[in-house]
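Trainee: Below is one structure. I have some questions about it.
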Amino acid sequence: MPALTAREVYQPLRDAAQGICTFQRIDDVCESGHVRVDIDGWQLTLEVDAGHLRHCLHGQSPDGREYVFDNGQRFGTDPVSLLSTWELAQIERLLA
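Each residue of the sequence shown is one higher than the one before, starting from 4 at the first, in my numbering.
Take a look at the structure:
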């Protein structure tokens, strides 16, 4: 099964920011700054620092495919880097 691309994981984040999909926190931010969310069956682990969304660390689509963040990747390979400023602000508002 092929891994998910950053663009594929970006899409549910974008849809949640626009209110198209349901955004639900699965758990609170833990000491490591990670929070798990569900966006219409997509399970994402997000890195949050002082209320700001930094990275999508892991994602799993409803069909079971996965995305894993690699800190050595180039720009544009983290779904969060693909969000517009407005979309990022909306996701951070949903996380608050």
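C-beta atoms are modelled at their ideal positions from N, C-alpha and C, and glycine is treated no differently.
Who are the near neighbours of P15 in its chain, counting only those whose CB is closer than 7 Å to its CB and skipping five residues on each side?
Mentor: For the purposes of this step, residue 15 is identified with residue 12 of the sequence shown, where counting begins at 1. Contacts found: C24, I42, D43, W45.
Trainee: With Q46 as the anchor, note down where its beta strand (DSSP E) starts and where it stops.
Mentor: To locate residue 46, count along the sequence shown from 1; it is residue 43. Element bounds for Q46: 45-52.
Trainee: Locate the alpha helix (DSSP H) running through P94, then write down its first and last residues.
Mentor: Position 91 of the sequence shown, counted from the start, is the residue given in the question as residue 94. Reading off the sequence shown, one finds Ile at residue 94, where the question assumed Pro. Run containing I94: 88-98, per the alpha helix (DSSP H) assignment.
Trainee: Taking its Cβ as the centre, do 16 or more other Cβ atoms sit within 10 Å of V51, making it buried, or is it exposed?
Mentor: As a working mapping, residue 51 is identified with position 48 in the sequence shown. Counting Cβ neighbours within 10 Å, V51 comes out buried, since at least 16 surround it.
Trainee: For R17, does the count of other Cβ atoms within 10 angstroms reach 16, so buried, or fall short, so exposed?
Mentor: Here residue 17 is taken as the residue at index 14 of the sequence shown, counted from 1. Buried, because 16 or more other Cβ atoms sit within 10 Å of the Cβ of R17.
Trainee: Between V1 and Q21, is the Cβ-Cβ spacing less than 8 Å?
Mentor: Limits of the chain in this structure are 4 at one end and 99 at the other, which puts residue 1 out of reach.
Trainee: What residue range does the beta strand (DSSP E) around D30 cover?
Mentor: Here the question's residue 30 lines up with position 27 in the sequence shown. Here D30 belongs to no beta strand (DSSP E), and DSSP marks it neither H nor E.
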